[in-house]
Structures are given as structure tokens and as C-alpha cells.
Amino acid sequence: MVLALTVGSLPLLFHLFPDLALVRLVGLPLAWLLLGLLVYPWLFVLGLRFVRRAERNEHDFALLLQVLEDEE
Amino acid sequence: MTTDGVPGLVALVVISLATLAIGTYGLRVSRTTSDFYVASRSVRPGLNASAIGGEYLSAASFLGVAALVLTAGAQMLWYPIGWTAGYLVLLVLVAAPLRRSGAYTLPDFAEARLGSRRVRALCSVLVVAIGWLYLLPQFQGAGLTLSAAIDAPEWVGAVVVGAVVVVNVGSGGMRSITFVQAFQYWLKLTALLIPAVVLLVIWSGDGRPGTGGSGGGWSMPLGEGSQGLYTTYSIVLATFLGTMGLPHVVVRFYTNPDGRAARRTTLTVLALLGVFYLLPPVYAALGRAYGADADDTVVLELPRLMLGGLGGDLLTGLVTAGAFAAFLSTSSGLAIAVSGVLAQDVLHGRYSGITAFRVGATVAVGVPLAAAVLAPDLSVARAVGLAFAVAASTFCPLLVLGIWWRGLTPAGAVTGLLAGGLGASAGVVWTLYDGAPESWRDVLLGQPAAWSVPLAFGAMVGVSLLTRASVPGHARRFMVRLHTPEVVPLDRG
């Protein structure tokens, strides 16, 4: 269970950092646009994706337990 | 005092009265000790997110950032980004498990997870230290704002904020503060958004004066050379990871009904912060275009600089109100967190539940208030930055490892907290004595997070591995509880 959640969320975390670093490298001429404006919707989208995924995982997990219980 | 002070004074009185009135409304529904500490864990995501936004967006985050961006340019945009992204890290790593731990405060969490009174005591000391380090600039900033707005001596603003906070926190605790802070988020957003739009229209009408030389490093997102790179990464690390370790942020997560609500709250916070942080750079750019003075009061002075007469007065009143709301809400949140810890860990034997909380609130506010009045010369944004560095080097490793690694031992936690805490504090002390960074040593100590955070993680993991035998017996059980959704029936002891 713990493992499933860890694996479920870690890729997203690692996903997060290279993306932010990338924004910084590409952003030199567009620094203001990227750092002052676009970064915020992007953070929100990442957060939204994580919440959806986590809720789906938990839902599936609860369902799985239900099925196992019913079989007993 | 001249008539220039009238809008500021009106704003101050209105905000203070509105805060007290909403606090009193909350008082009518605050009855139990649980109401005082965590609003009986029943705050819905929408309201809770507004409250977190209200509490988190300190005046440093717009007065300070606008001034920093005006002075140093785009490299300072990393502060608001880090303060927002900190919530994404918090969301992914700690939000839901922390809520499921069932603890009231950070020391509670540490004790429940590691079963050690020693770790608990150390965490209590750290909560109070970080809280005070963060409260100090709030009070100083309030003094600065008031002296800019109505020409009052600098101690007046600090004392007014301190008094309102003690009354509100002491009378209604978390339940009433939740309403106050939610109100203050929307107030702050309005108070900055309307003037920003008006000023942008004026700027358009003035033929869009430029910011004067796009060269000269003002648009560079990094400082010069390898020191600049180091500084940026250190800021990024401190703000990304420090957010989860701020006592007033963490305590809010315990007010969610369940782990799922904790995640939704965090997501809403991301949206609210993202909208808000679009504004400080606008003020900074306008300040640059119109040649405003580069200090912490640029946001307050800009309306009068660009627009004379009644319009300028009204907008000045509005931004002053926003700034004051920010001082009040951030200080209230910190005071709650520090009071909670003082009441539970220091005053518990001597006073009963709610009385202990009230005495705690007085001490929590009194000490940094005295320090702010006695030592009034510390850059607001700098002190806040150091509070983040200390939080990132102590509570971040404790929370992350405590939630995701079964092998954490009490000895490992103590070593890591001490290593990170002392390392970052060395930076704090050094910066207080020595201002401008020149050599590498100054840069390293001035922005300690980039080395003190890995140091703390390393110490925690290393010592935990050495003392493997003392992994608490209930660790596995506790971990299951942290990560199991509430819909699954489970013995939550």
C-alpha cells in the first residue's frame, strides 16, 4: 500500500523538478513572461493532475479491498 | 500629521475593526479546546484554502517582493514562484498523510511517529524559533507601513498589530481566525488588484513609459556568475521545501475533515497564490517606469506618485488596507501555531486548556513584538527568507522521512534536526551581523539552504541507519494509517 502510493507519486515529483529547471534555461529572453506569468498555471495543472491521480488510486484501492472482503 | 495620512488612518481603523468583528462572530461558535486548536477539524476546502491564502500571503510577499524586483529585477521572481511551488511539494509529499496522522501540531506528529519525548521537545523549540523569526519581520513591516502611511513612529504599527492579534487569537482561537483569514485573502487580492488595474490604465494613457534600459541585468532571471546561480538554487530549495515546515502552514492542515479534503484544499491554495503573485511584479515594473524609491514601501507610494488628488488618496487607502490585512493575518496564523505549542508543551501543567492557550498567545506575540520594537533595522524580506531556510533544513526532512521512510529513528531525527537547525541558524546569525554578501563565505552563509537541507537529510538517514535497532515498534502500523484513505475501515487508535 505504502509502496503503491510512493511509486504513484514519486514520478510526478521527479517530473516536477526537471520541468522547472527547463523553464529557467529556456526562459532567458522570455524570463518575465515565464517566471512572472506562465509558471503559475503550470503549477496548478501539475497539482490538479496529482490530485486526480491520487484520488483515483485511493478509490481503486478501496474497491480492491471491498472485492477481497466479499470473496472471503 | 498632515492630511496625507487620512486614507491610511481610515484604512487601518476599518481593517482592525473588521478583523475584531469577524473574530467576535467566530467566538460565538468556538466552545471546545478542539475549536481553539484545529477548529474541530471541520473546515471545508474552499474556506480553508482562502484562510491559508490569507495567512500565507504575508506583507513581505508583496511589499517585499515588489521592492526586491524593483531593485534587483527578474532574479527576485524566484521568491513568489518558490512560495507557490512550495505548496505543490507539500501537496505531493505531505498533505494527505499529515492530516491522517491525527496530530494537532508538528511536535504532536513527531511524538506520534517516533514515540520520543526528546524529539517532541526539540520540535517545540524549533516551532517557537521559526515562528518568532517569522513574526519579527511582520511587526517591523507593520511599523514601516504605518510610518509611511500616517507618519507615526515605527513602534505604533507593531503594537497595533500585536494587540489586535492577541485579542483575536486569545478570544476565538482557530475557529474564529479561520473566518478572519479567509476574509483577509479576498481583501488583500482586491486591495492590490484594483489599484494595479487603475495604474496600468494610467500607464497606457501616459504612452507606456518603458522600464528604462532592458539591459543592465534587470531582466536576467539569475544573479551574476556562479554565486548568482548558487543563490538562486538556494532560494529555490529553501522556498520549495521550507513551506511545508512553516508551523502556521502545517497547523492548518489539521483543520481539514480528511486527507482528501487536505489535498483539495492545497490545490485551491495553488490557484489562489498563483493569481495573487501576478501582482507584485506589476507594481515593481510600474515603480521602475515611474522612478519610485526602491524600498519596502514602493507599493504604498506608487498610487500617489502616478495619480494625484482624491483618486490617489483612495488607492493609497486601499493598498494600505491590504498591507495591514496581510500583517494581521500572517501574524495571527503564526501566533496560533506558536501559542498552541507553548500551551501544550510549556504551560500545560499550570493552566487549564483554553486558559493555557490564551497565556500562550500573549507570550507568543509579546516576545517578537519586544524584539521588533527594540531592534528595528532588519530587512523584512531577508528575515522571512531565513525563516524559510531554517524550516526547510529542519521540519522538511522530518516530515518527508517521517511520512515516507519507515526506518527513521528518534536518534536520527534529533541529529538531523540539530544539524539542519544549527547550520541554517549559523546563517541567520551571520547575516544579522554582516550585511552585504561579498565573498563565497558570505554567500554560503547568507543563503544556507542549498547545503543545510542536504546536511539535515544526510544526518537523519545516516544516524537512523546506524541506530537501526531503535526503529519504533509501532512505525509500520503508523505508516499504514498515514497512507490509508479514510473510506477504508482501519483501527486508527
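For the record, the sequence lines run as chains G and B. The numbering used here numbers the first residue of the first sequence as 119 and each following residue consecutively. The numbering used here numbers the first residue of the second sequence as 438 and each following residue consecutively. Built from N, CA and C at the ideal position, the CB exists for glycine as well. What you are looking at is a predicted structure, and each value in this text was computed from that prediction instead of being measured.
Original post:
Alpha carbon to alpha carbon, what distance is there between B:Gly607 and B:Gly797?
Top reply: 9 Å
**OP:** Could you tell me the boundaries of the alpha helix (DSSP H) in which B:Ile753 lies?
**Re:** It should be pointed out that residue 753 of chain B corresponds to Thr in this sequence rather than to Ile. Element bounds for B:Thr753: 746-778.
**OP:** Could you work out which residue in B:Pro482, B:Arg725, B:Glu492 is closest to B:Ala774 when comparing CA atoms only?
**Re:** B:Glu492
Original post:
Would you call the CB atoms of B:Thr852 and B:Met897 closer than 8 Å?
Top reply: Taking 8 Å as the Cβ cut-off, B:Thr852 and B:Met897 qualify as a contacting pair.
Original post:
Is the Cβ of B:Thr407 closer than 8 Å to any Cβ of chain G?
Top reply: Since the first residue shown for chain B is 438 and the last is 930, residue 407 of chain B is missing from the structure and cannot be characterised.
Original post:
Taking all protein chains shown into account, do 16 or more other C-beta atoms lie within 10 angstroms of the C-beta of B:Gln618, making it buried, or fewer, making it exposed?
Top reply: Counting every other CB atom within 10 Å of its CB across the protein chains shown gives B:Gln618 a total of 16 or more, marking it as buried.
Original post:
Using 8 Å as the limit for Cβ to Cβ distance, is G:Leu156 near chain B?
Top reply: no
**OP:** Output, in sequence order along the chain, the residues in the stretch 706-717 of chain B whose CB is closer than 8 Å to any CB in chain G.
**Re:** Leu707, Ala708, Leu710, Gly711, Val712, Tyr714, Leu715
Original post:
Between the stretch 568-600 of chain B and chain G, which residues of the former have CB atoms less than 7 Å from a CB of the latter, in chain order?
Top reply: none
Original post:
Using the C-alpha atoms, what's the distance from B:Trp877 back to B:Gln664?
Top reply: In a straight line, the C-alpha of B:Gln664 is about 7 Å away from that of B:Trp877.
Original post:
Mind listing which residues of the stretch 674-699 of chain B have their C-beta closer than 8 Å to chain G's C-betas, in chain order?
Top reply: Arg697
**OP:** Could you spell out the range, first to last residue, of the alpha helix (DSSP H) harbouring B:Met916?
**Re:** 912-920
Original post:
Candidates B:Val596, B:Gly568, B:Leu570, B:Ile567: which alpha carbon is nearest B:Leu581's?
Top reply: B:Val596
**OP:** Could you name the residues of chain A that B:Thr521 contacts, counting a contact when the two beta carbons are closer than 7 Å?
**Re:** This model lacks chain A altogether; the protein chains it does include are G and B.
Original post:
Given that B:Arg701 touches chain G, what residues does it touch there, using C-beta distances under 7 Å?
Top reply: Chain G residues near B:Arg701: Val169.
Original post:
What residues in the stretch 500-519 of chain B have a beta carbon less than 8 Å from any beta carbon of chain G?
Top reply: Ala511, Leu514, Trp515, Ile518
**OP:** Just the C-alpha distance for B:Ala887 and B:Ala772, rounded to the nearest angstrom, thanks.
**Re:** 29 Å
Subject >> Contacts that B:Leu525 makes with chain G (C-beta to C-beta distance below 7 Å) >> reply: Simply Leu134, Leu161, Leu164, Gly165.
Original post:
Using a Cβ-Cβ distance under 8 Å, would B:Leu835 count as near chain G?
Top reply: no
Original post:
Does any residue of chain G bring its CB to less than 8 Å from the CB of B:Leu932?
Top reply: Missing from the structure shown is residue 932 of chain B; chain B here goes from 438 to 930 and no further.
**OP:** Please decide whether B:Leu704 counts as near chain G, where near means a Cβ-Cβ distance under 8 Å.
**Re:** yes
Original post:
Applying the criterion that 16 or more other CB atoms from any shown protein chain within 10 Å of the CB defines a buried residue, is B:Ser641 buried or exposed?
Top reply: exposed
**OP:** State the DSSP-derived secondary structure class of G:Pro147, mapped to helix, strand or coil.
**Re:** The predicted position of G:Pro147 is uncertain, since its pLDDT is 40 and thus under 50; a value taken from the coordinates is nonetheless stated next. In the structure shown, G:Pro147 sits in coil (DSSP, three-state: anything other than H, G, I, E or B).
Original post:
Using CA coordinates, which residue listed in B:Ala807, B:Leu716, B:Ser538, B:Thr767 is at the minimum distance from B:Ile614?
Top reply: B:Thr767
**OP:** Determine the direct distance from the alpha carbon of B:Pro922 to that of G:Pro176, and round the result to whole angstroms.
**Re:** First, the residue type needs correcting, since residue 176 of chain G is Glu and not Pro in the sequence shown. Using only the alpha carbons, I get a separation of about 6 Å.
Subject >> Distance CB(B:Asp733)-CB(B:Gly883) smaller than 8 Å >> reply: no
Original post:
Does the Cβ-Cβ distance between B:Pro684 and B:Val564 come in under 8 Å?
Top reply: yes
Original post:
Comparing alpha-carbon positions, which option in B:Val804, B:Leu507, B:Glu548 lies nearest B:Val603?
Top reply: B:Val804
Subject >> Coil, strand or helix - B:Pro444 by DSSP >> reply: helix
Subject >> Range covered by the alpha helix (DSSP H) that runs through B:Asp643 >> reply: Run containing B:Asp643: none; DSSP gives neither H nor E here.
Subject >> Distance between beta carbons of B:Phe620 and B:Ala809, contact taken as under 8 Å >> reply: At roughly 25 Å, the Cβ-Cβ gap does not stay under 8 Å, so B:Ala809 and B:Phe620 are not in contact.
Original post:
Going straight from the alpha carbon of B:Arg701 to that of B:Ala708, what length do you get?
Top reply: 11 Å
**OP:** Return the chain-ordered list of same chain residues with a C-beta closer than 7 Å to the C-beta of B:Pro909, the five sequence neighbours on each side being excluded.
**Re:** The beta carbon of B:Pro909 sits closer than 7 Å to those of Leu551, Gly552, all from its chain and outside the five residues before and after it, given in chain order.
Original post:
Given a threshold of 16 other Cβ atoms within 10 Å of its Cβ, counted over all protein chains shown, does B:Ser889 qualify as buried or as exposed?
Top reply: buried
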